[in-house]
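K.L.:
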Amino acid sequence: MSIIYQAKLTPSKYDLIKAWLPSQPWFTGDISRLEPVGSYRFDDPEGEVGCEGHLFTAGDARVFHAPLTYRSAPLASGEEFLAGTIEHGILGTRWVSDAIGDPVYRAALAAAIAQGGTGSREFLVAADFVSTPGGPEASEVGIEREPSVRVAGTGSQGVAVPELWAAQVEQQGSNSVAHTELATLELHRIIDPECDGTEDAPGTHTLRAAWGAADAAAGDADVAAGAGASAEARRIGALLATLRV
Numbered sequence: 000m001s002i003i004y005q006a007k008l009t010p011s012k013y014d015l016i017k018a019w020l021p022s023q024p025w026f027t028g029d030i031s032r033l034e035p036v037g038s039y040r041f042d043d044p045e046g047e048v049g050c051e052g053h054l055f056t057a058g059d060a061r062v063f064h065a066p067l068t069y070r071s072a073p074l075a076s077g078e079e080f081l082a083g084t085i086e087h088g089i090l091g092t093r094w095v096s097d098a099i100g101d102p103v104y105r106a107a108l109a110a111a112i113a114q115g116g117t118g119s120r121e122f123l124v125a126a127d128f129v130s131t132p133g134g135p136e137a138s139e140v141g142i143e144r145e146p147s148v149r150v151a152g153t154g155s156q157g158v159a160v161p162e163l164w165a166a167q168v169e170q171q172g173s174n175s176v177a178h179t180e181l182a183t184l185e186l187h188r189i190i191d192p193e194c195d196g197t198e199d200a201p202g203t204h205t206l207r208a209a210w211g212a213a214d215a216a217a218g219d220a221d222v223a224a225g226a227g228a229s230a231e232a233r234r235i236g237a238l239l240a241t242l243r244v
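Using numbering that gives the first Met the number 0, the first residue of the sequence shown is number 0, and each one after it goes up by one.
(1) Quick one, which of 141, 84, 186 and 175 has its alpha-carbon nearest residue 10's?
(2) Is it buried or exposed, residue 164, if we count other Cβ atoms within 10 angstroms and call 16 or more buried?
(3) In three-state DSSP terms, what is residue 21?
(4) Leaving aside the five residues before and after residue 88 along the sequence, list all residues of the same chain whose C-beta is less than 6 Å from its C-beta, in chain order.
(5) What residue does the alpha helix (DSSP H) around residue 111 start on, and which one ends it?
(6) Take the Cβ of residue 35 as the centre, count every other Cβ of all protein chains shown within 10 Å, and call the residue buried at 16 or more, exposed below.
(7) Under three-state DSSP, which class holds residue 74?
(8) What residues in its chain sit with their C-beta under 8 Å from that of residue 104, if we drop five residues either side in the sequence?
(9) For residue 1 versus residue 145, is the C-beta distance shorter than 9 Å?
(10) Could you tell me the alpha carbon to alpha carbon distance between residue 43 and residue 3, rounded to whole angstroms?
(11) Per DSSP, residue 68 is paired with what?
(12) Quick one: residues in its chain with C-beta nearer than 7 Å to the C-beta of residue 56, no 5 flanking neighbours on either side, listed in chain order?
(13) From what residue to what residue does the beta strand (DSSP E) around residue 41 run?
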C-alpha cells in the first residue's frame, strides 16, 4: 500500500525528471516535448523507501521508463545514481535516485516479476495524516485511486526470488542491467506500447504494463488475485523489465 500525501513538492517530480533525463545515455527524446504517460509504485516492506516507476513520451511514439526511489537520506554508495533532491511539504528533504541503483527497488521489482505480483494500491491522505500503532490505516481514512499504469509480473506465487541486493549495475544499449552470478535483472528504458504480450523466453519472467486505452481494453480481470496476475500480465502487454535466472 502506497501512502501519497497531498503536499507541495519543490521542485515537482516532473521538473526534477526533466532536468535529469538529458544526462542519461538511454534518453534520446526531445526533452522540450516531455509528456507524462503515468506511473506505478511498489511497496517497501520496511516502509522507508518510496519506489515509483514513471513513463513519459518525448516527441514521438516511444515511451521512456524512468523508475525512481525516494529516501530520507542519501542512498549509501549511490552517488552515481542520484537524480536530485525534492523538498516534501510533510516528509522534508527526499533524496531521489535512479531506481536501478537502489537495492530496495531491485528487490521489489524482482519479487513482482518472479512471483506474479502487481503494483501497490495507492491511497491519497491529508497532509496531517500520521500512521501510528493502533491508529487508523491509510486505507481507512484515505481515498484510493487507480494507478495510472497497471503492472504485473509473469511469474507465480512460491517461485524463489533471486538475491539482487549486491548486484552490479551497468548500461547495455538502451537497457539498464543489474546482475549477479546467479541472476540478471534487465530494466527496459524504451518501451514498445504495442507489445503483444507474447510468452516469455525459457528461463525468464517479465514485468508487463498497460495504461490509457490499452489498460481499458485489457478488461476487468482482477490482476491482484495472485496466480491470475501472471496470465493477465502476458495479456496486458508492454514489456518493462526482464528477470533471468
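All C-beta atoms, glycine included, are put in the ideal place defined by N, C-alpha and C. Predicted model, so just to flag it, every value in this text is computed and none were measured.
P.N.:
This is what the structure holds:
(1) The shortest Cα separation from residue 10 among 141, 84, 186 and 175 belongs to 84.
(2) exposed
(3) helix
(4) 6 and 7
(5) Following the DSSP letters along the chain, one finds residue 111 inside the alpha helix (DSSP H) bounded by residues 102 to 113.
(6) Counting Cβ neighbours within 10 Å, residue 35 comes out exposed, since fewer than 16 surround it.
(7) coil
(8) 41, 48, 50, 66, 68 and 98
(9) no
(10) 14 Å
(11) In the DSSP output, where bridge partners are listed per residue, residue 68 has 50 and 96.
(12) 34, 36 and 62
(13) 33 to 41
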